[in-house]
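Colleague: What follows is a single structure, and I will ask about it in a moment.
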Amino acid sequence: MEAGSNRNVAMSVRGGTGRRQGGGVAGKVEPFVSRSEHSPRELRSWAKRTGFVSDYSGEAGTSGSEKFEAFQRKGGGSSPKIEIDPVVGRTRQNEIEPESHGGATRVENDGRGRKEKEQDGERKVGFNGNGNGNGHGVSTVAPVNEEKEGEEGQGDDVKVNVFPEEEEPANGGWQGPFGLKCGLKENPGLVPLIYYGLQHYISLAGSLVLIPLVMVPVMGGTDKDTSTVISTILFLSGITTILHSYFGTRLPLVQGSSFVYLAPALVIINAQEYRNLTEHKFRHIMRELQGAIIVGSIFQCILGFSGLMSVLLRLINPIVVAPTVAAVGLAFFSYGFPQAGTCPEITIPQIALVLIFTLYLRRISIFGRHLFRIYAVPLSLIIIWIYASFLTAGGAYNYKGCNPDIPSSNILLDACRKHAYTMKHCRTDVSNALSTAAWVRIPYPLQWGIPIFHFRTSIIMVIVSLVASVDSVGTYRTTSLQVNSRPPTPGVVSRGIALEGFCSILAGLWGSGTGATTLTENMHTIDITKVASRKVVVVGAAFLILFSFVGKVGALLASIPQALAASVLCFMWALTAALGLSNLQYSQSASFRNITIVGVSLFLGMSIPAYFQQYQAESSLILPSYLVPYAAASNGPFRSGIKQLDFAINALMSLNMVVTLLVAFLLDNTVPGNQQERGVYTWSRAEDIATDPLLQSEYSLPKKVARCCCWFKCLGA
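For the sequence shown, this note's numbering assigns the number 3 to the initial residue and increments by one for each residue that follows.
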């Protein structure tokens with residue numbers, strides 16, 4: 003979801019004295035009129051006549067470095083050349099190496115694929131993109147207007163604006179890329195820091211707090227357990243986000259509980275031995291999840307710290323990332339509306355309202371803020387929550403002879419049993435989380451007990467951690483281009499994956515029920531808010547930690563009716579699927595090869611798990627219909643005689659995202675296709691960061707930490 007990069011380039015070319023002298027540039031330059039269907043040869047010809055040299059990186063959403071060259075050819079010589087990069091507003095000096103033959107100059111660019119040669123008075127300019135081949139990132143050259151001839155010796159000035167028309171700074175400086183209100187390293191001040199920090203996390207409230215509302219009730223937990231898990235997730239999200247901002251990729255990314263871990267958690271929760279467990283069921287399942295998450299996170303750490311992730315990056319491309327992330331959202335279609343449909347009088351208005359805010363009212367600005375786009379989920383949730391409270395107080399869910407104290411007083415009466423489920427999921431007063439939660443509670447490690455380690459669940463989480471890494475790779479790439487920075491190096495990506503593994507170990511120790519990874523929805527938030535400062539994210543994370551200490555905050559969020567939470571998740575999961583498919587913009591999405599791979603991957607990723615999920619357990623009648631697909635691990639068709647292995651294989655093959663990743667990875671790396679067609683990700687080089695102080699401040703570790711980690715060359719330290 004990167005911003006478009008069509009921009010103008012500012013330059014001034016002086017040539018001669020108004021007449022052609024000895025091989026110099028002509029005094030009058032004919033105007034070049036850009037067309038939608040221009041030929042590269044025409045552009046190259048115009049560049050030769052005017053002396054304009056441009057370097058295109060070819061990356062989607064960004065322009066490469068544009069050259070600003072003031073020169074006058076006399077006797078075949080050449081003058082020093084200055085490169086001004088409009089992406090970050092800085093100059094770069096090119097290395098000029100004279101060749102052996104007279105009058106020839108060879109200029110090699112800084113490693114981004116553009117070479118220019120000048121031999122025997124003729125200039126040749128070659129354009130070499132990054133292989134995406136999708137047409138993104140090509141700058142639009144504005145028409146050159148003829149100006150009146152100045153005094154003799156002044157020549158003609160050709161001016162092209164480097165900034166968008168509405169954003170040209172008065173002082174000639176650089177004030178922010180692509181209309182961002184706050185850049186990566188900018189500090190907007192104390193009050194804006196607090197405001198934008200809270201805004202950043204409120205817009206992500208759905209991703210941060212709704213997962214426990216799905217998991218904990220299925221695990222047999224109480225309302226108090228739900229509020230405790232929510233407070234733990236808020237605490238871990240704050241801690242891990244701060245760690246990632248300083249020691250990870252250093253991009254403004256929010257870490258938190260991801261939907262990637264939700265499906266495998268539901269598979270483990272619905273294992274056959276846990277279905278009829280009544281005593282301490284929640285704690286036993288949570289300890290099982292903790293052990294599996296810790297083992298999977300250790301594998302992720304090894305993947306990052308060993309440098310294996312850098313090797314794996316060569317095989318991970320948009321054609322792999324897009325269907326995998328999309329499958330994460332599509333996997334929950336059996337839970338979404340089947341759960342929300344229990345209370346259509348509140349869930350349908352909830353879905354309609356969030357769509358109205360995000361689509362129909364997205365352009366409405368209040369006090370200069372697009373509040374409906376930024377706060378679509380929390381605003382709609384609050385409005386419908388209040389509406390549901392009025393329905394509850396007005397007696398919409400009161401049934402004769404039935405007590406709203408669910409389910410103890412209703413399962414005994416036949417007349418009330420059919421209404422028990424509705425009252426439990428629709429009423430706003432059935433949760434006792436607010437009354438039982440303490441005002442102050444600090445989450446602590448091993449609060450649920452010592453983790454339990456089993457081979458079968460550990461193998462599941464090892465593979466899921468690989469899926470989470472693939473998800474994060476696409477997020478790193480897109481976010482780096484959104485904040486107008488160059489893509490990170492493979493070492494920086496490996497460092498980010500390693501730190502995500504470490505943060506997931508913390509999540510396993512604290513017991514959040516899921517691992518910690520980069521939230522894909524954060525890209526959408528940055529695109530809407532136009533705030534990409536890492537300081538803003540850190541300040542917001544500090545407030546998140548503070549809120550986690552207030553037990554009543556988690557209890558309030560835990561009292562959201564389950565049907566209402568399911569209706570919000572319908573939107574969140576749909577957004578996750580859309581964000582995943584948006585990665586196709588980096589490749590040739592119209593290519594039959596790519597269409598086939600993505601289509602087959604998604605179809606088999608949905609169909610093969612459906613085959614495994616049809617083997618239901620004999621006791622499946624006690625499971626709600628939306629949980630039956632996650633019970634395949636204990637009763638799947640794979641039978642090897644080893645129960646631990648059978649459980650792991652059946653579980654993995656019943657997970658949509660795992661099957662989709664395997665099919666897409668296999669096809670994309672075996673079916674022939676050039677780099678342009680595949681949209682191969684191009685990462686920055688370590689040499690670029692080492693020679694550029696500004697790039698070092700964007701991705702490199704803090705100096706004191708870098709000294710301690712200098713031996714980890716594979717991490718870009």
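For each residue, glycine too, the CB sits at the ideal point set by N, CA and C.
Specify the secondary structure class of S259 as computed by DSSP and reduced to three states.
Modeller: Three-state DSSP puts S259 in a strand.
Colleague: Secondary structure at V432, three-state DSSP: helix, strand or coil?
Modeller: Looking at V432 - three-state DSSP - the assignment turns out to be coil, as it is neither helix nor strand.
Colleague: Give every residue of the same chain whose Cβ lies closer than 8 Å to the Cβ of Y446, excluding the five residues on either side of it in the sequence, and list them in chain order.
Modeller: Around Y446: W512.
Colleague: In the DSSP assignment, find the beta strand (DSSP E) that holds A518 and state where it starts and stops.
Modeller: Note, A518: beta strand (DSSP E), 518 to 520.
Colleague: What do you reckon, are the CB atoms on T516 and Q257 nearer than 8 Å?
Modeller: Their beta carbons are not under 8 Å apart, which means T516 does not touch Q257 by this criterion.
Colleague: Could you tell me the distance, in whole angstroms, from the CA atom of F457 to the CA atom of G498?
Modeller: So the two alpha carbons sit approximately 27 Å from each other.
Colleague: So what does DSSP say about C303, is it helix, strand or coil?
Modeller: C303 falls in the helix class under three-state DSSP.
Colleague: Can you give me the start and stop residues for the alpha helix (DSSP H) that P489 sits inside?
Modeller: Here P489 belongs to no alpha helix (DSSP H), and DSSP marks it neither H nor E.
Colleague: What are the partner residues of V673, as DSSP defines its beta bridges?
Modeller: Its beta-bridge partners do not exist; DSSP assigns none.
Colleague: If you reduce the DSSP assignment to three classes, tell me which class I366 lands in.
Modeller: I366: coil per DSSP, three-state reduction.
Colleague: By the DSSP assignment, the alpha helix (DSSP H) with L315 in it spans what residues?
Modeller: That residue, L315, is in no alpha helix (DSSP H); it is neither H nor E in DSSP.
Colleague: Span of the alpha helix (DSSP H) holding W387?
Modeller: Residues 378 to 395.
Colleague: In chain order, what residues of the same chain have a beta carbon less than 7 Å from the beta carbon of L546, not counting five sequence neighbours either side?
Modeller: Excluding positions up to five away in sequence, the list reads Y203, L236, S239, G240.
Colleague: What residue does the alpha helix (DSSP H) around Y628 start on, and which one ends it?
Modeller: It is not in any alpha helix (DSSP H) - Y628 carries neither H nor E in the DSSP assignment.
Colleague: Closer than 6 Å by C-beta to Y632: which residues in its own chain qualify, once you throw out the five before and the five after it? Chain order, please.
Modeller: L268, V269, N272, listed in sequence order.
Colleague: Three or more C-beta pairs closer than 8 Å, one from the stretch 654 to 670 and one from the stretch 591 to 607: is that the case here?
Modeller: They touch, by the three-pair rule.
Colleague: Just verifying my parser: in three-state terms, what is the DSSP assignment at R419?
Modeller: The answer is helix: DSSP assigns R419 an H, G or I state.
Colleague: Have a look at D648 and T481 and give me their C-alpha separation to the nearest angstrom.
Modeller: Going by the C-alpha atoms only, they are around 39 Å apart.
Colleague: What does DSSP give as the partner residues of C184 in its beta bridges?
Modeller: V533.
Colleague: Does the contact criterion of 3 or more C-beta pairs under 8 Å hold for the stretch 319 to 335 versus the stretch 348 to 357?
Modeller: Too few Cβ pairs lie closer than 8 Å, so no.
Colleague: Provide the residue span of the alpha helix (DSSP H) that contains L402, from first to last.
Modeller: Note on identity: in this sequence residue 402 is Lys, with Leu being the wrong assignment. Note, K402: premise wrong, no alpha helix (DSSP H); not H, not E.
Colleague: Sorted by chain position, which residues of the same chain lie with C-beta nearer than 6 Å to V218's C-beta, five sequence neighbours on each side aside?
Modeller: Contacts found: D227, T228, V231.
Colleague: From C303 to E679, what does the alpha carbon distance come to, in whole angstroms?
Modeller: Approximately 32 Å between the Cα atoms of the pair.
Colleague: Who are the near neighbours of F573 in its chain, counting only those whose CB is closer than 6 Å to its CB and skipping five residues on each side?
Modeller: So the qualifying residues of the chain are V356.
Colleague: Please look up how many angstroms separate the CB atoms of L186 and A612, rounded, as I've assumed it's under 8 Å.
Modeller: Going by Cβ atoms, the distance from L186 to A612 rounds to 43 Å, so no, they are not a contact pair.
Colleague: Start and end of the alpha helix (DSSP H) containing T693?
Modeller: Where T693 is concerned, the enclosing alpha helix (DSSP H) stretches over 688 to 693.
Colleague: Determine the contact status of T780 and C428, defining contact as a CB-CB distance below 8 Å.
Modeller: Only positions 3 to 719 of the chain appear in the structure, and residue 780 is not among them; the question remains open.
Colleague: What's the C-alpha gap between P425 and V432?
Modeller: Inspection of the sequence shows that residue 425 is occupied by Met rather than by Pro. Between M425 and V432, the C-alpha separation is close to 8 Å.
Colleague: In the structure shown, what three-state DSSP assignment does R680 receive?
Modeller: If DSSP states are grouped into helix, strand and coil, R680 belongs with the helices.
Colleague: Taking only the alpha-carbon atoms, compute the straight-line gap between S699 and G476 and give it to the nearest angstrom.
Modeller: One C-alpha to the other measures close to 22 Å.
Colleague: When we look at the beta-carbon of Q352 and count the other beta-carbons within 10 Å, is it buried (16 or more) or exposed?
Modeller: With 16 or more Cβ atoms within 10 Å of its Cβ, Q352 is classed as buried.
Colleague: Return the residue from the list F392, L577, C418 that minimises the CA-CA distance to G403.
Modeller: The option with the nearest alpha carbon to G403 is C418.
Colleague: Using a threshold of 8 Å, state whether the C-beta atoms of Y263 and V472 are closer than that.
Modeller: Cβ distance not < 8 Å, so Y263 and V472 don't count as in contact.
Colleague: Which word fits G553, buried or exposed, when buried means at least 16 other C-beta atoms lie within 10 angstroms of its C-beta?
Modeller: Buried, because 16 or more other Cβ atoms sit within 10 Å of the Cβ of G553.
Colleague: Considering only residues of the same chain and omitting the five flanking positions on each side of F722, which have a CB-CB separation below 7 Å?
Modeller: This structure cannot speak to residue 722, because the chain is shown only from 3 to 719.
Colleague: Determine the DSSP secondary structure at R1, reduced to helix, strand or coil.
Modeller: Residue 1 lies beyond the residue range present for the chain, which begins at 3 and ends at 719; the question has no answer from this structure.
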